[in-house]
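Read in order, the letters of the sequence shown are residues 308 to 446 in this note's numbering.
Don't be surprised by glycine CBs; every beta carbon is placed ideally from N, CA and C.
Please read all numbers here as calculations on a predicted model, not as lab measurements.
All remarks here apply to the structure that follows.
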Amino acid sequence: QNVIAVTAAGDAEPAIVATEESTAAAAAPATSAGGELVDLAGIPYKVETDKPVTITQVRSKDSMGGSMTQLVGELTNDGEKDLQYISLSVKFYNAAGELLDIGMGAATAPTLAPGDSSGFQVISSVKYDEVASYTIEIK
């Protein structure tokens, strides 16, 4: 186990927070037993795009005490040309498959060169505990 990061808070003993194995696992999209993509919170999602982009480290979480849903992750340009102003729309669904809301967001970097990555964030007004799945559309 090769340690990448160690942290200590105050008087606490240092703790390993990342290893090569844990960072490689976090970078790859997780899948369920059925083969569908699953975010770091365990919620299934789909990605729809015609751009040469990979999404990793997707995490959904509650925002504003659970009254909103926040989605964060990372985009990587897998193509051979710069990509500019990458926008995302995310359709959030309940357990019955009904559309709850569409959230909008964008890559934090205005331009992604080939091989470069950028974070992204999408916030929705839907309550986090109502979200059963979502679809990320990259434009």
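Residue(s) in a DSSP beta bridge with residue i
i    : result
E355 : E444
T361 : T383
V433 : DSSP output for V433 lists no bridge partner at all.
M371 : DSSP output for M371 lists no bridge partner at all.
Proximal residues to residue i (C-beta, below 6 angstroms), its chain only, five neighbours per side dropped
i    : result
T415 : S425, G426
Y435 : D369, G373, T376
K353 : T442
L419 : N384, L390, S425
Close-in-space but distant-in-sequence residues of the same chain around residue i (CB under 8 angstroms, 5 per side omitted)
i    : result
I430 : S370, M375, T376, Q377, L378, G410, G412
P417 : Q391, Y392
Per-residue burial, residue i [other beta carbons within 10 Å of its own, 16 or more giving buried]
i    : result
G380 : buried
D389 : exposed
S440 : buried
E328 : Residue placement at E328 cannot be trusted, given a pLDDT of 44 that sits under 50; what the coordinates show is reported in the next sentence. Per the 10 Å Cβ criterion, exposed.
Separation of residue j from residue i, as counted between CA atoms
i    : j    : result
D423 : D408 : 30 angstroms
N384 : K358 : 8 angstroms
G349 : T356 : 22 angstroms
R366 : E387 : 27 angstroms
E444 : L395 : 6 angstroms
A402 : Q391 : 35 angstroms
E404 : P421 : For the record, residue 404 in the displayed sequence is Gly; it is not Glu. Between G404 and P421, the C-alpha separation is close to 36 angstroms.
K446 : T363 : 17 angstroms
7 angstroms Cβ shell around residue i - same chain, five flanking residues per side excluded
i    : result
L406 : K398, Y400
E343 : P351
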